[in-house]
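Here the structure comes first, spelled out in structure tokens, and everything after it is commentary.
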Amino acid sequence: MLMDTDQPPSFCKIILSRETVMNKMQLPSCFVKDNKKILSKNCLLKTSEAGMSWEAKIARKKPNYFICEKDWPQFVLHHQVEPRDILIFSLIEKSTLHVRPYTPKNCRNITRKRQLSYEELSSSSSSEEEIGPSKRVKKMEPIIVVSDTEEEYVDMSFSDDDEDDPPYSHRATY
């Protein structure tokens, strides 16, 4: 596994079914192998929510390793983990994983009780505009420079009909 020494070791999981992940989630074997010296049988899961953390167990059922038990089911419920969600795990300290949940829906919050709030903006003109997510689709072709001699064009357009390939947004915390 190639590792960027400037970034903590990390992996991502695409959730296929809530029932499958509710009790346990398989860890990539290469992640466990590469980081076995700083992983223990118990781990702490943290998110960007201040003061929130969940204890879980790392268990081995040959030949695989799983995050399971303790607070794992509460973590799944709290973050409303659903099929097609993506969880990105980064090993930030010994047996401490920072988890960033992403969803195919636009900026859905980590908790169901929180709502996105939009701050009113003052403008010098007398016309007021409602601020919120745009429903329009823009066709954009940004350029990503791969090397000094190559360029790659990426189609960033998305419509509600593209159910198989949605853009992913990080769940915001406000």
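For the sequence shown, counting from 1, position 56 maps to 56 in full-length UniProt numbering; every step adds exactly one.
Built from N, CA and C at the ideal position, the CB exists for glycine as well.
*Helix, strand or coil for Q7, going by three-state DSSP, please let me know.*
coil
_Residue from P104, K57, V99 whose Cα sits closest to the Cα of A50_ = V99
_6 Å CB neighbourhood of K94 in its chain, flanking five on each side removed_ = I38
*Using only alpha-carbon positions, find the residue among T47, I92, A56 that is nearest to Q26.*
A56
*Hey, how far is the Cα of F31 from the Cα of S40?*
13 Å
*Can you tell which of S53, P63, L44, T103 has the C-alpha that lies nearest to the C-alpha of T96?*
L44
*Candidates V21, S48, F11, K24: closest to K33 by CA position*: F11
*Just the C-alpha distance for S53 and T47, rounded to the nearest angstrom, thanks.*
7 Å
*Which value, in whole angstroms, describes the spacing of the CA atoms of L77 and N64?*
24 Å
_Tell me which residue opens and which closes the alpha helix (DSSP H) that Q74 is part of._
72-78
*asked:* Judging by CA-CA distance, which residue of Y102, L91, P101, K105 is the nearest neighbour of K36?
replied: L91
*What are the uninterrupted segments assigned as beta strand (DSSP E) that are 3 or more residues long and contained completely in the UniProt domain "TF-B3" (10-105), given in chain order?*
10-14, 24-27, 42-46, 53-61, 64-68, 86-93, 96-103
*CB-CB under 7 Å to D85, same chain, minus the five flanking residues each way: which ones, in chain order?*
I15, P101, Y102, T103
*Determine the direct distance from the alpha carbon of C68 to that of V21, and round the result to whole angstroms.*
9 Å
*Contact set for F75: own chain, Cβ-Cβ below 6 Å, skip 5 residues either direction*: L45, W54
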